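Participant:
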Amino acid sequence: MVSVTVKNTSGKRQREDDAWFLIGLSKLVDSKGNKYDIKEMELKYDTNLLSKPFSQGEARSVDFLFDTPKGIKADKFLIFDKNLESIPFKL
């Protein structure tokens, strides 16, 4: 499982368009470069906020569950921007 929290650290409200990414297409990458799709995703915040801007200091968290072979070493978490370019986060 990978837990991700996105927080508005700016001094103003932020719309989704200000930091657009496709969290539902995220992937887990192991130390050998194998990629794994999300099996389950749980939003840890009120889903009524999905269409509303992030307030100053607000954080929203999501837990991702990946179905991987036993014994792999997770290396990166990938999210994708609006151009479907991957953004890697080292784990």
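Heads up: the sequence shown begins at 1268 in our numbering, then just goes up one per residue.
For every residue, glycine included, the Cβ atom is placed at its ideal position computed from N, Cα and C.
It should be emphasised that the depicted structure is a prediction, and the values quoted were computed from it without experimental measurement.
1. For residue 1316, does the three-state DSSP call read helix, strand or coil?
2. Which same chain residues, not among the five before or five after residue 1373, have their C-beta less than 7 Å away from its C-beta?
3. Can you tell me which of the three DSSP states residue 1354 falls into?
4. Along the chain, where does the beta strand (DSSP E) that runs through residue 1307 open and close?
5. Would you call residue 1277 buried or exposed, if buried means 16 or more other Cβ atoms sit within 10 Å of its Cβ?
6. Could you spell out where the beta strand (DSSP E) holding residue 1337 opens and where it closes?
Facilitator: From the atom records:
1. helix
2. Nothing can be reported for residue 1373, as the shown portion of the chain is limited to 1268 through 1358.
3. strand
4. 1302-1310
5. exposed
6. First-last for residue 1337: undefined, no H or E at that position.
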